[in-house]
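What follows is a set of notes on a single structure, which appears directly below.
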Amino acid sequence: MNAPVATTAPPPITTSGSLLSKLEIDVRMLGMLAALAAIWIGFDLLSGGVFLTPRNLWNLSVQTASVAIMATGMVLVIVTRNIDLSVGAILGVTGMIIGVAQVQWLPAYLGLEHPLTAPLVVLLAMAVGGSIGLFQGWLIAYLGIPSFIVTLGGLLVWRGAAWWVTTGQTVAPMDTRFKALGGGVEGALGATVTWVIAALACGLVVVALGVARRRRMRFGFPVRPGWADAVIATFACGAVLAAAAIANAYPLPAGTARRWAEANGIAWPDGGLFIPHGVALPVLIAVLAGLTMTFIATRRRFGRYVFAIGGNPEAAELSGINTRWTLMKVFGLMGLLCGISACISTARLNAATNAAGTLDELYVIASAVIGGTSLAGGIGTIAGAMLGALVMQSLQSGMVLLGVDTPLQNIVVGAVLVLAVWVDGLYRRRIK
Amino acid sequence: MQTNGTAPLVEMRNISIAFGGIKAVDDVTVDLRPGEVVGLLGHNGAGKSTLIKILSGAYRPDAGEIYVNGEQADIASPRDAKRYGIETIYQTLALADNIDAAGNIFLGREVLTPYGTLDDATMEAETRKVMARLNPHFRRFKEPVKALSGGQRQSVAIARAIYFNARVLIMDEPTAALGPAETQQVADLVLQLKKEGIGIFLISHDIHDVFGLADRVSVMKNGKLVGSANVQDVTQDEVLGMIILGKCPPGATPGPGAS
Chain Z
1 MNAPVATTAP
11 PPITTSGSLL
21 SKLEIDVRML
31 GMLAALAAIW
41 IGFDLLSGGV
51 FLTPRNLWNL
61 SVQTASVAIM
71 ATGMVLVIVT
81 RNIDLSVGAI
91 LGVTGMIIGV
101 AQVQWLPAYL
111 GLEHPLTAPL
121 VVLLAMAVGG
131 SIGLFQGWLI
141 AYLGIPSFIV
151 TLGGLLVWRG
161 AAWWVTTGQT
171 VAPMDTRFKA
181 LGGGVEGALG
191 ATVTWVIAAL
201 ACGLVVVALG
211 VARRRRMRFG
221 FPVRPGWADA
231 VIATFACGAV
241 LAAAAIANAY
251 PLPAGTARRW
261 AEANGIAWPD
271 GGLFIPHGVA
281 LPVLIAVLAG
291 LTMTFIATRR
301 RFGRYVFAIG
311 GNPEAAELSG
321 INTRWTLMKV
331 FGLMGLLCGI
341 SACISTARLN
351 AATNAAGTLD
361 ELYVIASAVI
371 GGTSLAGGIG
381 TIAGAMLGAL
391 VMQSLQSGMV
401 LLGVDTPLQN
411 IVVGAVLVLA
421 VWVDGLYRRR
431 IK
Chain Y
1 MQTNGTAPLV
11 EMRNISIAFG
21 GIKAVDDVTV
31 DLRPGEVVGL
41 LGHNGAGKST
51 LIKILSGAYR
61 PDAGEIYVNG
71 EQADIASPRD
81 AKRYGIETIY
91 QTLALADNID
101 AAGNIFLGRE
111 VLTPYGTLDD
121 ATMEAETRKV
131 MARLNPHFRR
141 FKEPVKALSG
151 GQRQSVAIAR
161 AIYFNARVLI
171 MDEPTAALGP
181 AETQQVADLV
191 LQLKKEGIGI
201 FLISHDIHDV
211 FGLADRVSVM
221 KNGKLVGSAN
231 VQDVTQDEVL
241 GMIILGKCPP
251 GATPGPGAS
């Protein structure tokens with residue numbers, strides 16, 4: 001490494017001098033990461049080192065996926081000053097429909113365990129969820145019924161509809177390929193794929209930072225100092241690689257590993273084989289959903305309109321934005337994400353039940369709010385909401401690990417929600 | 001200023017609109033020529049802002065026609081008005097507080113990259129150019145406009161109106177929230193835009209503002225037009241009489257609302 005030659009150059013002109021502003025990092029996000037770290041370390045100490053094991057973290061990531069995916073859509077809903085109380089019920093009815101589709105309808109044409117079953121079912125789930133969302137969005141945007149009422153009604157309607165699909169019977173088991181969507185052994189992508197994905201992600205981070213920097217320099221705008229970009233890139237890539245390493249440090253259970261070895265013609269050694277899980281498919285889907293939604297929210301015209309409507313609906317209207325159609329699309333997107341989550345939770349349970357997703361609306365809304373989405377509208381980030389989902393799930397599974405009674409778990413989660421919003425409010429008033 | 005002979009840039013003929021039985025604007029006719037400043041005067045609630053919102057596409061009139069360059073125009077939405085080159089600076093400024101200056105200036109008319117994504121760098125560069133002209137000290141390009149001062153917010157709203165080559169500019173109480181220096185800046189801007197041939201509707205309840213800048217005034221009372229006059233043909237007291245009493249002096253052309 002070289003000596004710090006760069007210090008002789010004059011400091012570039014930036015807006016402010018503090019370290020954080022040079023890095024242009026969201027302080028709120030740092031606070032959330034710190035809170036998450038505190039929760040993880042706390043549970044690890046209390047549980048005698050069981051919490052921060054690859055096995056527990058892997059399970060935690062799979063458990064978070066479904067709520068995290070829906071939370072990305074809830075951010076946009078809340079940003080437009082609306083709410084969606086029906087997400088859990090939409091998940092329920094969609095889960096029932098795709099359950100019946102793969103157990104009864106599709107096998108009639110394709111036969112059981114057909115390779116097309118899983119993709120068709122996923123498309124069906126997205127279509128059903130998206131249609132329900134668009135319909136509710138139409139009621140809200142074009143008929144002017146408050147979203148609270150439409151989706152409160154939706155909560156009852158779609159939950160009832162979920163029961164009606166099979167008059168309450170549970171549908172099981174699911175298609176084998178479909179089950180991979182729920183994680184578990186089928187949905188673990190393995191070590192090689194995990195490292196490839198991690199490497200791609202690191203490459204993407206570096207390229208994205210470089211492109212953004214070059215763009216700003218071409219227009220002669222002030223840029224972050226080079227070392228700041230390097231620090232950000234190092235941390236981002238470090239986090240990605242650490243996550244990959246943890247996922248790969250969790251081996252398949254001995255029985256499954258032995259079956260895998262036999263299937264691949266590998267002799268079973270005495271000490272057993274260490275076959276890593278790798279990242280779980282639902283977690284990968286959640287990350288991709290988060291990236292896509294972030295792209296839509298920040299880089300697309302639609303996202304700009306969503307935030308403009310949240311900031312000042314009248315101004316958005318006067319700017320010539322089609323606010324109604326935008327709002328309807330927001331709810332359609334929310335429904336589509338519920339469809340994806342329905343696939344994940346149905347696959348994970350390996351059964352479709354009409355109670356799937358019960359109370360998910362509250363966890364999804366809480367995730368978005370803990371993640372810094374303002375109920376007054378106009379403010380919120382996708383990454384924050386996903387982090388919020390992880391915080392909620394960490395609290396829950398940590399308490400399960402400690403053997404805390406279910407009623408007390410709910411009390412703690414509820415109290416944390418209120419506390420988080422209070423602290424966030426204090427922070428916002430401070431920086432104002 | 002000799003305005004006869006030029007075709008009116010905008011003509012609003014016999015415009016009426018009612019809200020729940022109350023006639024907010026009743027049979028009002030006004031016009032505007034290129035390079036002309038027309039002051040719209042009247043008390044709060046006289047119907048000035050409503051009339052102007054019809055021209056900017058926010059409301060649809062119950063009756064009456066709008067002509068742009070002598071041709072009948074169908075203005076059903078703010079987007080239509082902007083297509084005719086009619087830009088509005090609203091009294092409330094109509095800014096999305098959570099978005100930065102560039103986002104507000106280009107709201108609804110974003111510049112896109114070839115990939116269909118928002119071209120923030122180009123929009124910021126254009127914003128820097130137009131703000132350099134309006135408010136050279138403006139530096140806070142990255143902050144949501146909520147963080148800006150009243151004058152800065154005003155310049156963002158003005159920038160949004162003039163950036164897209166407006167031919168008609170509607171300014172609704174443009175100086176209501178400003179200090180003396182900033183008011184002077186707005187006045188200078190009005191004169192400069194006038195020189196460029198832009199027609200300006202200036203709405204104000206401050207008669208001094210209007211007399212300094214306008215070529216003509218039109219006065220409204222209770223939704224009706226009291227009358228219109230060239231500024232040099234009437235005194236400030238006479239115009240005050242029009243606003244308060246609805247009395248049309250000899251130098252003005254009386255409208256349906258004259259008593």
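So the protein lines, in turn, are chains Z and Y.
Per the UniProt record's numbering, residue 1 is the first one in the first sequence, and the count goes up by one each step.
Per the UniProt record's numbering, residue 1 is the first one in the second sequence, and the count goes up by one each step.
Every residue gets a Cβ at the ideal spot worked out from N, C-alpha and C, and that includes glycine.
One or two residues paired with residue i in a DSSP bridge
i, result
"K179 (chain Z)", "Answer by DSSP bridge pairing: none, since K179 (chain Z) is not bridged."
"F219 (chain Z)", "None, per the DSSP bridge assignment."
"N230 (chain Y)", "Y:R216"
"E317 (chain Z)", "Paired residue(s): none; E317 (chain Z) is not in a bridge."
"A276 (chain Z)", "It should be noted that the sequence gives Pro, not Ala, for residue 276 (chain Z). Answer is Z:P251, bridged to P276 (chain Z)."
"M171 (chain Y)", "Y:I89, Y:L202"
"A73 (chain Y)", "Y:I66"
"A188 (chain Z)", "Z:A280"
"G39 (chain Y)", "Y:L202, Y:V217"
"V171 (chain Z)", "Z:A352"
"D360 (chain Z)", "According to DSSP, D360 (chain Z) bridges with nothing at all."
"I22 (chain Y)", "Y:F19"
CA-to-CA distance, residue j to residue i, given in whole angstroms
i, j, result
"T294 (chain Z)", "G241 (chain Y)", "59 Å"
"C202 (chain Z)", "G384 (chain Z)", "20 Å"
"A347 (chain Z)", "V418 (chain Z)", "32 Å"
"G272 (chain Z)", "V207 (chain Z)", "41 Å"
"D9 (chain Y)", "E65 (chain Y)", "The residue you asked about is not Asp; residue 9 (chain Y) is Leu in the sequence shown. Rounded to the nearest angstrom, the two C-alpha atoms are 14 Å apart."
"E182 (chain Y)", "E314 (chain Z)", "26 Å"
"S56 (chain Y)", "H208 (chain Y)", "25 Å"
"A157 (chain Y)", "D237 (chain Y)", "33 Å"
"N69 (chain Y)", "D97 (chain Y)", "35 Å"
"P119 (chain Z)", "F178 (chain Z)", "8 Å"
"T406 (chain Z)", "S397 (chain Z)", "11 Å"
"T358 (chain Z)", "G92 (chain Z)", "8 Å"
"L156 (chain Z)", "I149 (chain Z)", "11 Å"
"M399 (chain Z)", "T72 (chain Z)", "25 Å"
"N4 (chain Y)", "T235 (chain Y)", "Low confidence applies here, because N4 (chain Y) scores a pLDDT of 49, under 50, leaving its location unreliable; read the following figure in that light. Straight-line Cα distance between these residues: approximately 22 Å."
"A34 (chain Z)", "G182 (chain Z)", "29 Å"
"T117 (chain Y)", "R301 (chain Z)", "7 Å"
"T373 (chain Z)", "A258 (chain Y)", "54 Å"
"R218 (chain Z)", "P225 (chain Z)", "15 Å"
"V67 (chain Z)", "V423 (chain Z)", "23 Å"
Extent of the continuous alpha helix (DSSP H) run through residue i
i, result
"T92 (chain Y)", "Per DSSP, T92 (chain Y) belongs to no alpha helix (DSSP H) and is neither H nor E."
"F307 (chain Z)", "301 to 311"
"G199 (chain Y)", "First-last for G199 (chain Y): 199 to 204, but that is the beta strand (DSSP E), not the alpha helix (DSSP H)."
"E126 (chain Y)", "120 to 134"
"N104 (chain Y)", "101 to 105"
Partner residues on chain Z for residue i, Cβ-Cβ distance less than 7 Å
i, result
"T117 (chain Y)", "R299, R300"
"K82 (chain Y)", "G320"
"A187 (chain Y)", "The premise fails here: A187 (chain Y) is roughly 25 Å from chain Z at the closest Cβ pair, so nothing lies under 7 Å."
"A58 (chain Y)", "L318"
Contact test: residue i Cβ vs the ligand FAD heavy atom, cutoff 7 Å
i, result
"I200 (chain Y)", "With respect to the ligand FAD, the structure shown offers nothing to examine, as it has no ligands at all."
Chain-ordered chain Z contacts of residue i [CB-CB under 8 Å]
i, result
"R79 (chain Y)", "G320"
"E110 (chain Y)", "R301, R304"
"L55 (chain Y)", "Within chain Z, no residue comes near L55 (chain Y); the closest Cβ sits about 13 Å away, beyond 8 Å."
"L51 (chain Y)", "Within 8 Å Cβ-Cβ: nothing; L51 (chain Y) doesn't reach chain Z, min ~16 Å."
Chain Y residues whose Cβ lies nearer than 7 Å to that of residue i
i, result
"I379 (chain Z)", "N98"
"G311 (chain Z)", "A96, D97, N98, I99"
"A315 (chain Z)", "A94, L95, A96"
"F221 (chain Z)", "E124"
Distance between beta carbons of residue j and residue i, contact taken as under 8 Å
i, j, result
"A147 (chain Y)", "D120 (chain Y)", "Rounded, the Cβ-Cβ distance is 18 Å, inconsistent with contact."
"A355 (chain Z)", "A172 (chain Z)", "No, A355 (chain Z) and A172 (chain Z) are not in contact; Cβ-Cβ is about 14 Å, not under 8 Å."
"V412 (chain Z)", "L395 (chain Z)", "6 Å"
"T368 (chain Z)", "M74 (chain Z)", "The sequence shown places Ala at residue 368 (chain Z), rather than the Thr named in the question. That belief holds up - the Cβ atoms of A368 (chain Z) and M74 (chain Z) are roughly 4 Å apart, short of 8 Å."
"C338 (chain Z)", "M70 (chain Z)", "6 Å"
"A89 (chain Z)", "R159 (chain Z)", "4 Å"
"L178 (chain Y)", "G151 (chain Y)", "6 Å"
Where the beta strand (DSSP E) through residue i begins and ends
i, result
"S16 (chain Y)", "10 to 19"
"D44 (chain Z)", "No beta strand (DSSP E) contains D44 (chain Z), which is instead part of the alpha helix (DSSP H) from 27 to 46."
Chain Z residues whose Cβ lies nearer than 9 Å to that of residue i
i, result
"G103 (chain Y)", "R304, F307, A308"
Contacts of residue i in chain Y (Cβ-Cβ under 8 Å)
i, result
"R215 (chain Z)", "A121"
Contacts of residue i in chain A (Cβ-Cβ under 8 Å)
i, result
"L148 (chain Y)", "Among the chains of the structure shown, chain A does not appear; the protein chains present are Z and Y."
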